[in-house]
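What follows is a short report on a single structure.
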Amino acid sequence: MRIHKHVAVVAAAAAVALLAACSGGGGGGTATQAGGGETLTVGMPNGVQTENHSPFATGSSALSLGYAFTIYEPLMMRNQARPSEAPEPWLAESIEWNEDFTEAVITPREGVTWSDGEEFTADDVAFSIQLRKDFEALNTGALPYDTVETDGTTVTVSFTAGQFVNQSKLYDLVMVPEHIWADVEDPTTDTNPDPVGTGPYTLESWTPQAATVVARDDYWGGKPAVPEIRYSSYNDNNALTTALTTGEAQWGWTFIADYENVYIAQDPEHYHQYAAGGLGIDVLYLNNETKPFDDKAFRQALNMVIDRQELVDVATSGVNPALTSVTGLPLPAGEEFLSADYADQEYAVDVEGARALLEDAGYTWEGEKLVDPDGDEVTFELVNPAGWNDYLTALDLIKNSAAELGATATVNPVNQDGWFADIIPGGDFQATLHWTDGGATPWDMYSDILDGAHYKKLGEPATWNFGRFQNDDATQALADYAAAPDDAARTEALDTIQKVFVEEVPGIAIWTRPATAQYSTQNYVGWPSEEDPYNQPQPTGVQAAQILMHLKPAEG
4 MRIHKHVAVV AAAAAVALLA ACSGGGGGGT ATQAGGGETL TVGMPNGVQT
54 ENHSPFATGS SALSLGYAFT IYEPLMMRNQ ARPSEAPEPW LAESIEWNED
104 FTEAVITPRE GVTWSDGEEF TADDVAFSIQ LRKDFEALNT GALPYDTVET
154 DGTTVTVSFT AGQFVNQSKL YDLVMVPEHI WADVEDPTTD TNPDPVGTGP
204 YTLESWTPQA ATVVARDDYW GGKPAVPEIR YSSYNDNNAL TTALTTGEAQ
254 WGWTFIADYE NVYIAQDPEH YHQYAAGGLG IDVLYLNNET KPFDDKAFRQ
304 ALNMVIDRQE LVDVATSGVN PALTSVTGLP LPAGEEFLSA DYADQEYAVD
354 VEGARALLED AGYTWEGEKL VDPDGDEVTF ELVNPAGWND YLTALDLIKN
404 SAAELGATAT VNPVNQDGWF ADIIPGGDFQ ATLHWTDGGA TPWDMYSDIL
454 DGAHYKKLGE PATWNFGRFQ NDDATQALAD YAAAPDDAAR TEALDTIQKV
504 FVEEVPGIAI WTRPATAQYS TQNYVGWPSE EDPYNQPQPT GVQAAQILMH
554 LKPAEG
């Protein structure tokens, strides 16, 4: 049997590198004088928070601000800036797959302790995975778990279908301690008041505006150079932009219009913005079960009148590359995955063609107002969180595009917490912008938009396919791609997926979504960059611990 193995071939070197990165050269006084030993402030534009330290709950303060990922760690560390690279062993020393990717054998790292002093073991790994199997709401990657078994030193996980495309989802799973979570009655709602993890930091304090974590002395990867991190939640993008440009926050993730003049120019020596590319995009999710987007003809027509280059130029100041392929794939990253049927087909604004399509589908006009085949004026609401300026600007432009058809759209800025907790997962919207995952193949992107495996009835929380699109051919093709034994079978499945995406328009691809973040090198260096793309740079993902362990004090 052929074995696919990701092993800790660099484990010893990585441990040495981590320790070296943390040494900073000299004692505490010297580090402080050189700029080290300073509190690092991380900013996010997510408004007032509700206390919830769960690494599972969508919208929890720990996930919203990112401090969850300084406390809880994944099995493997993927380079999301270079998704084709092999992952780096983290809490797992190795993960071995069988030939058809239906079984993975996980060997946990030795010498790791939880922050309460308990040993991290294979039982913790098995328990953490079993939780996802037992509680569907925690299985956000929709992995088809079959069995989870341990022999005390390794954990064997089997799946009901091949997981070639989902390897990264297993690698990204954060581990939780069995001796804590085994007593939790409902892990889907528990707020985890006293978080215990394997990560380099522990929670020190929390308020609705900020959380503070402090470095552990006994972290398995060595002591972090940053002794304390303050996670501050600003009301909106503008407030966070001000904090970043003044140096109040030194690491963050927000859209900054004209960032070179507004942000970089304030301190060209120390201020940086890095955008790591990939296969993720931003999508206008359309509610396929309510008017007007329950009609394919209207979805197609709106798709035809949106000017994607204008969206990029106006809403993102040119930061996000425009999408050109009708498949929604970012290019050139997705070039090798383009179906031959669509290789030369590009988005183009066609108002006349869109109106003709609507007329053929039974739409009429009363004056300038578009009327659907039932005799109702076509109206819809576009929603996104208040303060998300790039998204809201894009929604205004999409509203104007809809007006070219005679449809009346309104833009409604909503509360960010409510959007995360209720509007998006419950499908309580007509149209809203949201991102997709990236991944090493386009499978994640398409699955997030149109996979029936994610389908939930309106009102029930969905992890993806927020627009409730249903198409048996697409769902089967996504499953076939994931389980395909070779490239030929994957190509055939992807052709079907792209055909459905192009013809049915389950959602509208808007622009490429690089993982972008801003950071200052005033106190710490070692951040991800174009020159050193060891991971994507955002503070709100499993890569946060790796980034923090790369940092070292800046030279004075």
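Numbering (this note's numbering), first residue to last: 4 to 559. Ideal placement from N, C-alpha and C gives every residue a C-beta, glycine not left out.
Point to revise | Contiguous alpha helix (DSSP H) assignments of at least 4 residues, all confined to the segment 349-424 | key: 354-363 and 392-406
**Study point:** For residue 422 and residue 115, the rounded distance between their alpha carbons
**Key:** 37 Å
Check your understanding: Looking at residue 547 and residue 123, is the spacing between their C-beta atoms short of 9 Å?
Key -> no
Practice item. With DSSP as the reference, label residue 75 as helix, strand or coil. Key: coil
Practice item. Would you give the residue range spanned by the beta strand (DSSP E) that residue 249 belongs to? Key: Run containing residue 249: none in the beta strand (DSSP E); it sits in the alpha helix (DSSP H), 240-249.
Check your understanding: Which term fits residue 461, buried or exposed, when burial requires 16 or more other beta carbons within 10 angstroms of its beta carbon?
Key -> exposed
Review point. How long is the line joining the alpha carbons of residue 111 and residue 217, rounded to whole angstroms?
Key: In this structure, the CA atom of residue 111 is about 25 Å from the CA atom of residue 217.
**Study point:** Member of 99, 163, 517 and 75 whose CA lies at the smallest distance from the CA of residue 325
**Key:** Residue 325 has its Cα closest to that of 517, out of 99, 163, 517 and 75.
Review point. Helix, strand or coil: which one does DSSP assign to residue 338?
Key: helix
Point to revise | Proximity of residue 342 and residue 194 at Cβ, strictly below 9 Å | key: no
Review point. Should residue 444 be listed as close to the ligand MN, given that the test is whether its C-beta is under 8 Å from any heavy atom?
Key: Judged by which ligands are present, the structure shown has none, so any question about the ligand MN falls away.
Practice item. State the CB to CB distance for the pair residue 450 and residue 481, rounded to an integer number of angstroms; the pair is presumed to be in contact (CB under 8 Å). Key: 5 Å
Check your understanding: From what residue to what residue does the alpha helix (DSSP H) around residue 504 run?
Key -> 490-507
Point to revise | Closest by C-alpha distance to residue 170, when choosing among 49, 125, 441 and 375 | key: 441
Review point. Per DSSP, residue 261 is paired with what?
Key: Per DSSP, none; premise fails for residue 261.
**Study point:** Own chain residues within Cβ distance below 6 Å of residue 550, not counting five before or after
**Key:** none
Review point. DSSP three-state call for residue 266: helix, strand or coil?
Key: coil
Review point. Does the distance from the CB of residue 76 to the CB of residue 244 come in under 9 Å?
Key: no
Practice item. Starting from the Cα of residue 51, find the closest Cα among 180, 43, 40 and 63 and give me that residue. Key: 63
Exercise for review: Would you check if the distance between the CB atom of residue 384 and the CB atom of residue 418 is smaller than 9 Å?
Suggested key: It is not a contact, given that the beta carbons lie outside the stated cut-off.
Check your understanding: Which residues bound the alpha helix (DSSP H) around residue 183?
Key -> Residues 181-184.
Point to revise | residue 117 (DSSP reduced to helix, strand or coil) | key: coil
Review point. Can the beta-carbon of residue 314 be found closer than 9 Å to that of residue 389?
Key: No, these two residues do not count as a Cβ contact at 9 Å.
**Study point:** Minimum C-alpha distance to residue 283 - residue among 106, 331, 189 and 274
**Key:** Nearest of 106, 331, 189 and 274 to residue 283, Cα basis: 331.
Check your understanding: Looking only at C-alpha atoms, which of 391, 407 and 394 sits nearest to residue 370?
Key -> 407
**Study point:** Limits of the unbroken beta strand (DSSP E) element including residue 233
**Key:** 231-236
Review point. What three-state label does DSSP hand residue 429 in the structure shown?
Key: Residue 429: helix per DSSP, three-state reduction.
Practice item. For the alpha helix (DSSP H) holding residue 222, just list the boundary residues, first then last. Key: Neither: residue 222 is in no alpha helix (DSSP H) and is coded neither H nor E.
Review point. Would you say the segment 505-523 touches the segment 481-491, given that touching needs at least three Cβ pairs under 8 Å?
Key: no
Review point. Can you find at least 3 beta carbon pairs, one from the segment 289-306 and one from the segment 465-473, that sit closer than 8 Å?
Key: Short answer: they touch.
Review point. Three or more C-beta pairs closer than 8 Å, one from the segment 522-536 and one from the segment 359-379: is that the case here?
Key: no
Exercise for review: Specify, as a first and last residue, the run of the beta strand (DSSP E) that residue 54 falls within.
Suggested key: Run containing residue 54: none; DSSP gives neither H nor E here.
Review point. Near residue 177, what residues of its chain come up, given a Cβ to Cβ distance below 7 Å and the 5 sequence neighbours on each side ignored?
Key: 58, 75, 76, 77 and 545
Exercise for review: Measuring alpha carbon to alpha carbon, tell me which of 500, 255, 161 and 168 ends up nearest residue 106.
Suggested key: 161
Review point. DSSP state of residue 328, grouped into three classes?
Key: In the structure shown, residue 328 sits in a strand (DSSP, three-state: E or B).
Exercise for review: State the beta-bridge partners of residue 162 as determined by DSSP.
Suggested key: 148
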